[in-house]
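In this note's numbering, the protein residues as written are 12 to 122.
Below is one structure, written out as C-alpha cells, with a few remarks after it.
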Amino acid sequence: MTSFITLLLFQVLGEAAAFALSVPIPGPVIGMILLLLWLIARQQQDSELIRFSSRFLRHLALLFIPAAVGIMTQFERLANEWPAILAAVFGSTLASIVVTAYLVRGLDGED
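Next comes the structure, spelled out in C-alpha cells:
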C-alpha cells in the first residue's frame, strides 16, 4: 500500500509543480522525473515499489479504456479532421524514427 501512496504522492507533486511553475509539461511527467531523482538519491532498490509497479503494469491496458471511449464520442470530429490527424500521426512517427536513428548512431560512435 505504501508503494501506491508513493506513486500518487509523486504524481500530486508533479501536478502541483506544473501548476505552480506554469510550464507546458504535464504534471505526471514532472512527477515521474521527481520519482526518478528520488530513487537515484536513495541509491538503493525499493523492492516493494518494484513488485507493486510490476503488478500494476500488467493491468496498464485498462487505463486506456476511458481514452478509447472518449474517442468514440468524437466520430464526427474525426470524420471532419482525419487528413490533419493522419498527417500529424505520420509526421510525428517519421520524425521519431529519424531522431531515434541519429541518436542510436551517435551513441554507437558511428559516423
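Even glycine gets a Cβ: it sits at the ideal position worked out from N, Cα and C.
On the criterion of 16 or more Cβ atoms from any shown chain inside 10 Å, does residue i qualify as buried, or is it exposed?
i, result
"Phe-21", "buried"
"Gly-42", "buried"
With residue i and residue j assumed to form a contact (beta carbons below 8 Å), what rounded beta-carbon distance in angstroms separates them?
i, j, result
"Phe-24", "Leu-45", "Checking the sequence, you will find Leu at residue 24 rather than Phe. Yes, they are in contact, since the Cβ atoms of Leu-24 and Leu-45 sit about 6 Å apart, within 8 Å."
"Phe-30", "Phe-63", "Not really, about 27 Å apart at Cβ, beyond 8 Å."
"Leu-105", "Ile-96", "The pair is not a contact, with the Cβ atoms about 15 Å apart (cut-off 8 Å)."
When you compare each of the options to residue i by their alpha carbons, which one comes out closest?
i, options, result
"Asp-57", "Thr-13, Glu-26, Phe-75 and Ala-28", "Thr-13"
Where residue i and residue j are concerned, what is the direct C-alpha to C-alpha distance, given to the nearest angstrom?
i, j, result
"Ile-108", "Ala-72", "24 Å"
"Leu-32", "Gln-85", "32 Å"
"Ile-76", "Phe-67", "16 Å"
"Ile-36", "Gly-120", "31 Å"
"Ile-82", "His-70", "21 Å"
Ordered list of alpha helix (DSSP H) runs contained in the region 21 to 69, each at least 4 residues: Secondary structure remark: continuous alpha helix (DSSP H) runs of at least 4 residues inside the region 21 to 69, in chain order: 38 to 53 and 58 to 68.
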